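A.B. asks: Have a look at the structure that comes next, please.
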Amino acid sequence: MCNADWLFRTQTALWHPCTQMKHLERMPPLPSERGEGPWLVDFDGHRYLDCISSWWVNLFGHANPRINAALVDQLGKIEHVMLAGCTHAPVVALSERLGKLTGLGHAFYGSDGASATEIALKMSFHYWRNRDRPQKTHFVSLQNGYHGETLGALSVTDVALFKDTYAPLLRQSHQLPSPDWRLAEPGETSEAYALRCADRAEAFLSECADSTAAIILEPLVQGAAGMAMYHPAYLARLRALCDEYDVHLIADELAVGFGRAGTLFACEQASPPRGEGATFQVSDVADFLCLSKGITGGYLPLSCVLTTGHVYEAFYDDATARGFLHSHSYTGNALACRAALAVLDIFQQDDVIAVNRRKSARFTELLTPVADHPRVRNFRHTGMIWAFDVDRAPPGFSRDFHQRALARGLFIRPIGGTVYFMPPYVIEEPEMSLMARVTLELLDQS
Ligand SMILES: Cc1ncc(COP(=O)(O)O)c(C=O)c1O
Numbered sequence: 036m037c038n039a040d041w042l043f044r045t046q047t048a049l050w051h052p053c054t055q056m057k058h059l060e061r062m063p064p065l066p067s068e069r070g071e072g073p074w075l076v077d078f079d080g081h082r083y084l085d086c087i088s089s090w091w092v093n094l095f096g097h098a099n100p101r102i103n104a105a106l107v108d109q110l111g112k113i114e115h116v117m118l119a120g121c122t123h124a125p126v127v128a129l130s131e132r133l134g135k136l137t138g139l140g141h142a143f144y145g146s147d148g149a150s151a152t153e154i155a156l157k158m159s160f161h162y163w164r165n166r167d168r169p170q171k172t173h174f175v176s177l178q179n180g181y182h183g184e185t186l187g188a189l190s191v192t193d194v195a196l197f198k199d200t201y202a203p204l205l206r207q208s209h210q211l212p213s214p215d216w217r218l219a220e221p222g223e224t225s226e227a228y229a230l231r232c233a234d235r236a237e238a239f240l241s242e243c244a245d246s247t248a249a250i251i252l253e254p255l256v257q258g259a260a261g262m263a264m265y266h267p268a269y270l271a272r273l274r275a276l277c278d279e280y281d282v283h284l285i286a287d288e289l290a291v292g293f294g295r296a297g298t299l300f301a302c303e304q305a306s307p308p309r310g311e312g313a314t315f316q317v318s319d320v321a322d323f324l325c326l327s328k329g330i331t332g333g334y335l336p337l338s339c340v341l342t343t344g345h346v347y348e349a350f351y352d353d354a355t356a357r358g359f360l361h362s363h364s365y366t367g368n369a370l371a372c373r374a375a376l377a378v379l380d381i382f383q384q385d386d387v388i389a390v391n392r393r394k395s396a397r398f399t400e401l402l403t404p405v406a407d408h409p410r411v412r413n414f415r416h417t418g419m420i421w422a423f424d425v426d427r428a429p430p431g432f433s434r435d436f437h438q439r440a441l442a443r444g445l446f447i448r449p450i451g452g453t454v455y456f457m458p459p460y461v462i463e464e465p466e467m468s469l470m471a472r473v474t475l476e477l478l479d480q481s
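The sequence shown maps to residues 36 to 481 in the numbering used here.
Take a look at the structure:
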């Protein structure tokens, strides 16, 4: 079976996510036979560098021997057992470790990212109800924010293309101005702009806190908005406002968690306005932390919402209905939890955050000619994420760039006129050089 065979069968049997299927006539999907580290290999033997970590999930490469070994071992023990009425070693060990790493000691599991969003929103709402404040039912998010595609998650998402069609099905939510530094006034620093946005959040809360359950946001980088990046002072200020106005803060780190933003969790970078030296634990910033994607190194669907003892206690009661009765069949899947434990082992054993800091500095250096290219605007970088906007990007730029990059061995999917890199952490100098060189050539030809 070659690429063409698989493409024919794909076209007849599959309905792809986030895709207008008719477009596949001109832009067929990449048939992947296998993965090797940061590389994808098709059925005809061509190799493609996975520059976006398979939708931001892969951390340590495809077919990673250490994660494979952990899964093989787990397969010999237990693959899955329902988590209502049962427990198992990987889910307990993972919850303990995540609790220590974040300061949020209660872990509730889901499957995909959107299910984590749903869990956090429902938990926040239910918390206020259990605390006799049932009027706190509204959710607030950021302009251009993205939190998933299920109806609750889409209600707090602000991406018109995904949301507008389903508007009649969604709950109303309020969007605060995005602290995306590209929106700053000329001469205004990213920090000053972030704090100006926080002032707008305060104005909103001073009016509406009584009916607001929670604010949900993507810490530091709004991924689906086109890798919009913002100053960490926003997080600390928002935390202070949430304390002052008695509103929950939900940190959606589905995309930026597990080292993607440069620290294990992005909330650790929250900095007091113009302050020095304070270090934050996630629990100093968030009431709820949503994790998925990289949690299993890109192997298996798993999501997790971590929260505080304070929230947990509001549900702990003799009355069943005061408990959090949400569930998914695959909640806390043993194989997925075991993969997640292997991922945490790799972080620890390989000092991944420090190694990534060096890789990140080197790739940024290699991208200097890209950043200086006359078509490039707003070159930006946070941790292991790089992005830039292409000036005067014509309609269809994203698809055209994707295809030309693929022909040169890069798997990359621009968002509108924004090109970004989110590579697996196992990239080395040759892969970084390839990404920088091919991108420059493609820009020259654009
Ligand atoms: C910040 C954020 N939240 C939520 C989601 C939804 O996750 P999933 O696609 O696993 O449902 C994503 C996915 O890209 C995301 O980036």
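Heads up, the beta-carbon is just placed ideally off N, CA and C, and yes, glycines get one too.
Keep in mind it's a predicted model, so treat the numbers as computed, not measured.
Quick check on DSSP: helix, strand or coil for Y269?
C.D. replies: Here Y269 sits in helix by DSSP.
A.B. asks: With ligand 1 as the reference, list in chain order each residue whose Cβ lies under 5 Å from any of its heavy atoms.
C.D. replies: Here the residues come out as D147, G148, A149, H182, G183, E253, G258, D287, L289 and A290.
A.B. asks: Tell whether a beta-carbon distance below 7 Å holds between S213 and L177.
C.D. replies: It is a contact, given that the beta carbons lie within the stated cut-off.
A.B. asks: Looking at the strands, I want to know which residues DSSP matches up with R415.
C.D. replies: Answer is A422.
A.B. asks: Between which two residues does the beta strand (DSSP E) holding S338 run?
C.D. replies: It spans S338 to T342 - the beta strand (DSSP E) in which S338 sits, taken as one unbroken run.
A.B. asks: When you compare the CB positions of F143 and A248, do they come within less than 7 Å of one another, or not?
C.D. replies: Not closer than 7 Å, so no.
A.B. asks: In the structure shown, what three-state DSSP assignment does Y144 receive?
C.D. replies: Strand, per DSSP.
A.B. asks: So does the stretch 143–153 actually touch the stretch 185–198, counting three or more Cβ pairs closer than 8 Å?
C.D. replies: Result yes; three or more Cβ-Cβ pairs closer than 8 Å.
A.B. asks: Are the CB atoms of M419 and R295 within a distance shorter than 7 Å?
C.D. replies: A contact, by the Cβ cut-off of 7 Å.
A.B. asks: Ignoring anything shorter than 3 residues, give me the beta strand (DSSP E) runs that lie fully in the stretch 179–253, in order along the chain.
C.D. replies: Those beta strand (DSSP E) runs which fall completely within the stretch 179–253 and span 3+ residues are 209–211 and 247–252.
A.B. asks: Could you give the distance in angstroms between the alpha-carbon of I381 and the alpha-carbon of T314?
C.D. replies: Approximately 24 Å between the Cα atoms of the pair.
A.B. asks: So the beta strand (DSSP E) G134 belongs to, where does it begin and stop?
C.D. replies: Looking at the DSSP string, G134 is not in any beta strand (DSSP E); the run it does join, the alpha helix (DSSP H), is A124 to T137.
A.B. asks: My guess is that L337 and C372 are in contact by the Cβ rule of under 8 Å, so how many angstroms apart are they, rounded?
C.D. replies: Yes, they are in contact, since the Cβ atoms of L337 and C372 sit about 7 Å apart, within 8 Å.
A.B. asks: Suppose the cutoff is 8 Å on Cβ atoms and the five residues either side in sequence are ignored; what does the same chain contact list for D386 look like?
C.D. replies: Excluding sequence neighbours, D386 sits near nothing in its chain.
A.B. asks: Within the same chain, show all residues whose beta-carbon is closer than 8 Å to that of Q210, passing over the 5 residues directly before and after it, in chain order.
C.D. replies: Excluding sequence neighbours, Q210 sits near V175, S176, L177, Q178, G180 and D193.
A.B. asks: With three or more C-beta pairs closer than 8 Å as the rule, is the stretch 255–273 touching the stretch 112–127?
C.D. replies: Touching, no, given that fewer than three Cβ pairs across the two stretches are closer than 8 Å.
A.B. asks: Less than 7 Å between CB atoms is the rule here; does D352 satisfy it with respect to chain D?
C.D. replies: In the displayed structure, chain D is absent; only one protein chain is listed.
A.B. asks: Could you give the C-beta distance for V346 and T137, rounded to a whole number, given that I count them as a contact under 8 Å?
C.D. replies: Rounded, the Cβ-Cβ distance is 13 Å, inconsistent with contact.
A.B. asks: Less than 7 Å between the C-beta atoms of L75 and S88, yes or no?
C.D. replies: No, they are not a contact pair.
A.B. asks: Assuming K171 contacts W163 (C-beta within less than 8 Å), just tell me the rounded distance between them.
C.D. replies: The Cβ separation is near 4 Å, so the contact holds.
A.B. asks: Do D435 and G452 have their beta-carbon atoms positioned less than 7 Å apart in this structure?
C.D. replies: The answer is no: Cβ separation not under 7 Å.
A.B. asks: What is the DSSP secondary structure of G333, reduced to helix, strand or coil?
C.D. replies: If DSSP states are grouped into helix, strand and coil, G333 belongs with coil.
A.B. asks: Pick from D79, H58 and Q55: whose alpha carbon is nearest that of W41?
C.D. replies: Of D79, H58 and Q55, the residue nearest in Cα terms is D79.
A.B. asks: Leaving out five residues on either side along the sequence, give the residues of the same chain with a beta carbon under 6 Å from the beta carbon of Y455.
C.D. replies: Closer than 6 Å at Cβ, skipping near neighbours: M262 and A422.
A.B. asks: Quick check: F446 and D215, are their CB atoms within less than 7 Å of each other?
C.D. replies: Not closer than 7 Å, so no.
A.B. asks: Thinking C-alpha only, which one of S241, E253 and S246 is nearest L276?
C.D. replies: It is S241 whose Cα lies nearest to the Cα of L276.
A.B. asks: Since G70 sits in a beta bridge, which residues does DSSP pair it with?
C.D. replies: Partner(s): L75.
A.B. asks: Taking 7 Å as the threshold (C-beta atoms), are P459 and N93 in contact?
C.D. replies: Against a cut-off of 7 Å, the Cβ pair of P459 and N93 comes out as a contact.
A.B. asks: Could you check which residue in E253, T355, W91 and L273 has the C-alpha nearest to that of M264?
C.D. replies: Residue E253 is the option with its Cα nearest to M264.
A.B. asks: Pop quiz: R274 and V320 are said to be a contact at Cβ under 8 Å. What is the actual Cβ separation, rounded to whole angstroms?
C.D. replies: R274 to V320, Cβ: 5 Å. Contact.
A.B. asks: Quick check on this structure: which residue in D278, F398, R101 and R443 has the alpha carbon closest to the alpha carbon of E463?
C.D. replies: It is F398 whose Cα lies nearest to the Cα of E463.
A.B. asks: Do the CB positions of R410 and L477 come within less than 7 Å of each other?
C.D. replies: In this structure, L477 does not lie closer than 7 Å to R410 by Cβ.
A.B. asks: Identify the continuous alpha helix (DSSP H) that holds T403 and give its terminal residues.
C.D. replies: From DSSP, the alpha helix (DSSP H) with T403 extends over T403 to A406.
A.B. asks: If you count every other CB in all the chains shown that lies within 10 Å of the CB of V489, and 16 or more means buried, which is it?
C.D. replies: Within the shown structure, residues of the chain are numbered from 36 to 481, placing residue 489 beyond reach of any answer.
A.B. asks: Between Y228, G292 and E237, which has its C-alpha nearest G258's C-alpha?
C.D. replies: Comparing Cα positions, the closest option is G292.
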